[in-house]
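Peer 1:
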Amino acid sequence: MPTLFTKIIQGEIPCYKIAEDDNHIAFLDINPNAKGHTLCVPKQEADKVFDMSDEAYLNLFAFAKKIAAAMEKAVPCKRVGISVVGLEVPHTHIHLIPLNTMDDMRFIKKETLSEKEFLSIAEAIKSNLS
Numbered sequence: 006m007p008t009l010f011t012k013i014i015q016g017e018i019p020c021y022k023i024a025e026d027d028n029h030i031a032f033l034d035i036n037p038n039a040k041g042h043t044l045c046v047p048k049q050e051a052d053k054v055f056d057m058s059d060e061a062y063l064n065l066f067a068f069a070k071k072i073a074a075a076m077e078k079a080v081p082c083k084r085v086g087i088s089v090v091g092l093e094v095p096h097t098h099i100h101l102i103p104l105n106t107m108d109d110m111r112f113i114k115k116e117t118l119s120e121k122e123f124l125s126i127a128e129a130i131k132s133n134l135s
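Those letters in the sequence shown? Residues 6 to 135, by the working numbering.
(1) Can you list, in chain order, the residues of its chain whose CB lies under 8 Å from that of isoleucine 136, leaving out five sequence neighbours each side?
(2) Anyone know if the C-beta pair for leucine 38 and arginine 111 falls short of 9 Å?
(3) Grab me the residues of threonine 1's own chain with a C-beta within less than 7 Å of its C-beta, minus the 5 sequence neighbours each way, in chain order.
(4) Excluding the 5 residues flanking glutamate 77 on each side, which residues of the same chain have their C-beta closer than 6 Å to its C-beta?
(5) Helix, strand or coil for isoleucine 35? Go by DSSP, reduced to three states.
(6) Compare the beta carbon distance of isoleucine 99 and glycine 41 with 9 Å and say whether it is the shorter of the two.
(7) So, is phenylalanine 67 buried or exposed, given that buried needs 16 or more other C-beta atoms within 10 angstroms?
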């Protein structure tokens, strides 16, 4: 059965897409820890990050690095934090979270954003991709 992320990749579920290539997609987390919280997801399903081939693993992190660089230019933050947790959706994904305090990395504090805010943040990050 396809995961939630596979349904997003296939266009069955909408998302605030940041970037996409042949093997990956990046989109805003709809339940963000901080404004700009982005998920980087491989298009091929793998439940655990360490189940991925070495090549797929390295390519996912290279993709995430590009997204993080754009995020730092678009979202006011001291740095972009990274987390690979994967307990909620059984499909490997990287959380990129703009950090101003250590609490921004905790998965208990959530931001509430409007549709307009999501769209604005997505566009700001996209415009900083090189």
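Just so it is clear, CB atoms sit at the ideal spot from N, CA and C, and this is done for glycine as well.
For clarity, every value in this text was computed on a predicted model and none was experimentally measured.
Peer 2: The answer reads as follows:
(1) Outside the modelled stretch of the chain, which goes from 6 to 135, sits residue 136, for which no answer is possible.
(2) The residue you asked about is not leucine; residue 38 is asparagine in the sequence shown. Yes.
(3) As displayed, the chain neither begins before 6 nor continues past 135, which places residue 1 out of reach and without an answer.
(4) Val85
(5) coil
(6) no
(7) Here residue 67 is alanine; the residue named in the question, phenylalanine, does not match the sequence. By the 10 Å Cβ count, alanine 67 comes out exposed.
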